[in-house]
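J.:
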Amino acid sequence: MISHRHDPSRPATPGPRTLRSRPTHKIPDRPGRHPDPQSREFDWASYEELVKDIYEALGRAQGVTIECWGRRCTVRVAGGVPRQVDVLTRHVVGERMYRTAISCKWWNERVDVAHVSDFALTVQDAQLSKGVIVSKMGFTVPATNLARAKGIELVELRNPLDADWEGSITHVQGEIVYCPPPEFRYSLSMTKPGIDPRRRECQGRPIHFATSPDQLVITEPGMQSTTLLQQARSAFPDVVDGAEFAIDFQRGTTLTMLGDEDHPAYGAFLQRVTVQIRVPVPLRTEIEVNAADHIYMIMESLLDGRRFNITSDGEIIELI
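Per this note's numbering, the very first residue in the sequence shown carries number 16; after that it's consecutive.
1. Could you tell me the alpha carbon to alpha carbon distance between L273 and D253, rounded to whole angstroms?
2. Distance, Cα to Cα, R114 vs K67?
3. Please report the straight-line C-alpha distance between I81 and K165, rounded to a whole angstrom.
4. Put W122 into one of helix, strand or coil per three-state DSSP.
5. Do you know how far the Cα of Q230 is from the Cα of E244?
6. So, does the segment 139-149 touch the segment 270-285, judging by three or more C-beta pairs under 8 Å?
7. Going by Cα to Cα distance, which pick from V170, R98 and T271 is closest to L136?
8. Please report whether the beta-carbon of A280 lies at a distance below 8 Å from any beta-carbon of chain D.
9. For E181, which of helix, strand or coil comes out of DSSP?
10. When you compare each of V304, F199, V232 and G237 to A258 by their alpha carbons, which one comes out closest?
11. On the premise that I332 lies in contact with Y311, defined as a C-beta separation below 8 Å, what is that separation, rounded to the nearest angstrom?
12. Assign K165 to one of three DSSP states: helix, strand, or coil.
13. In whole angstroms, give me the CA-to-CA distance for R214 and G267.
14. Which whole-angstrom value is the C-beta distance of V290 and P197, which I expect to be below 8 Å?
15. For R163 and V92, what's the separation of their Cα atoms in angstroms?
16. Check Y281 in the structure and name its three-state DSSP category.
17. So, is R116 buried or exposed, given that buried needs 16 or more other C-beta atoms within 10 angstroms?
18. Would you call C15 buried or exposed, if buried means 16 or more other Cβ atoms sit within 10 Å of its Cβ?
19. Check D256 in the structure and name its three-state DSSP category.
20. Since E235 is in the beta strand (DSSP E), which residue starts that stretch and which ends it?
21. Rounded to a whole number of angstroms, what is the C-alpha to C-alpha distance between H186 and D177?
22. Rounded to whole angstroms, what is the Cα-Cα separation between F8 and G95?
Now the structure itself:
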């Protein structure tokens, strides 16, 4: 859609268009810089500034810069006479410099052949590399034919229309439900050998562990070691909120902690584990996405068929 002579344009891609997965370019973040194009605040000056920002973003990766824009932006034609242009870009490749003039038309009518003729003459007399006319309402057929003959690129930058959404999903409404994992609360009854191996200290009160239950290892005599979480799920596979149950272990069952041999309860003899289950309430979030609310402008080149959506947050997304 937007090209310079040093950057060959691509042919239009046939078939239905789809959005790229990522924005191709991003307009610099300038909160409040561009008003709503359908509001009274948006005028020809806003349109010129938007065009300037879009071309600056599209050309950034190739080193394209804005030489000037606005009323004071001029080029020199035959005889050194200054001629005003809306936006002028510059791009240097090796020892050669490319300059592109852009004419912005926020008109409520299509651009006619007279403006194309005058602009093409300015581009030629100023010895510019390229000329582009950007219009809100498009171009007449004679203007399009003359632009093609003169090598002037024509671009529509306009508000979205209902026809732009034909065949597309524009409204999505639904609910996101997040179910937090159940919480298992444990109370362990155990004995821990004291300083005298023949003496055991009763620890039958509830013990709180910072260690996750899948790190607490239970080893029963003659059986394979399992974690406390595995024991709880095996004893009560149905996770029900408010459920409480106990697991009794045979004599000689020990408790250890993965990677925490210094824990006070490491090596304790485990008699019983009481488990309480709490199932958190699911978190529900209503979502509603209206694609039309996110598309700020639509930009399309009439000569090569490339098309971009300009989003409300400044992303420039090419449709292919």
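All C-beta atoms, glycine included, are put in the ideal place defined by N, C-alpha and C.
T.: In brief:
1. Position 258 of the sequence shown, counted from the start, is the residue given in the question as residue 273. Position 238 of the sequence shown, counted from the start, is the residue given in the question as residue 253. L273 and D253: Cα-Cα distance of roughly 27 Å.
2. The count along the sequence shown starts at 1 and reaches residue 114 at position 99. The count along the sequence shown starts at 1 and reaches residue 67 at position 52. So the two alpha carbons sit approximately 14 Å from each other.
3. Translated into the one-based positions of the sequence shown, residue 81 becomes position 66. Translated into the one-based positions of the sequence shown, residue 165 becomes position 150. Those two C-alpha atoms are separated by around 24 Å.
4. Stepping through the sequence shown from its first residue, residue 122 is reached at position 107. Correct three-state label for W122: coil.
5. To locate residue 244, count along the sequence shown from 1; it is residue 229. To locate residue 230, count along the sequence shown from 1; it is residue 215. The residue you asked about is not Glu; residue 244 is Leu in the sequence shown. Those two C-alpha atoms are separated by around 8 Å.
6. no
7. Within the sequence shown, numbered from 1, the residue matching residue 136 stands at position 121. Per the Cα distances, R98.
8. Reference to chain D is not applicable here, since this structure consists of a single protein chain.
9. Taking the first residue of the sequence shown as position 1, residue 181 is located at position 166. Reduced to three states, the DSSP call for E181 is coil.
10. Indexing the sequence shown from 1 puts residue 258 at position 243. Checking every option, the nearest Cα to that of A258 belongs to F199.
11. Taking the sequence shown and counting its residues from 1, the one referred to as residue 311 is at position 296. Taking the sequence shown and counting its residues from 1, the one referred to as residue 332 is at position 317. With a Cβ gap of about 11 Å, Y311 and I332 do not count as contacting.
12. Here residue 165 refers to the residue found at position 150 of the sequence shown. Of the three classes helix, strand and coil, the one that applies to K165 here is helix, per DSSP.
13. Counted from its first residue, the sequence shown places residue 214 at position 199. Counted from its first residue, the sequence shown places residue 267 at position 252. Unreliable positioning characterises R214 in this predicted model, as indicated by a pLDDT of 47, which lies under 50. The coordinate reading is nonetheless provided below. Whole-angstrom Cα-Cα distance: 15 Å.
14. Within the sequence shown, numbered from 1, the residue matching residue 290 stands at position 275. Within the sequence shown, numbered from 1, the residue matching residue 197 stands at position 182. Rounded, the Cβ-Cβ distance is 11 Å, inconsistent with contact.
15. As a position in the sequence shown, residue 163 is number 148, starting the count at 1. As a position in the sequence shown, residue 92 is number 77, starting the count at 1. Each residue's alpha carbon lies about 22 Å from the other.
16. For this step, residue 281 is matched to residue 266 along the sequence shown. Correct three-state label for Y281: coil.
17. Indexing the sequence shown from 1 puts residue 116 at position 101. Here residue 116 is Ala; the residue named in the question, Arg, does not match the sequence. Buried: at least 16 other Cβ atoms inside 10 Å.
18. Past the boundaries of the shown model lies residue 15; the chain is included only from 16 to 335, so the question cannot be answered.
19. Within the sequence shown, numbered from 1, the residue matching residue 256 stands at position 241. In this structure, D256 counts as coil in the three-state DSSP scheme.
20. The residue labelled residue 235 in the question sits at position 220 within the sequence shown. From DSSP, E235 is part of no beta strand (DSSP E); its letter is neither H nor E.
21. Taking the first residue of the sequence shown as position 1, residue 186 is located at position 171. Taking the first residue of the sequence shown as position 1, residue 177 is located at position 162. Cα-Cα distance, rounded: 13 Å.
22. The shown model of the chain, from 16 to 335, leaves out residue 8, and the question about it has no answer.
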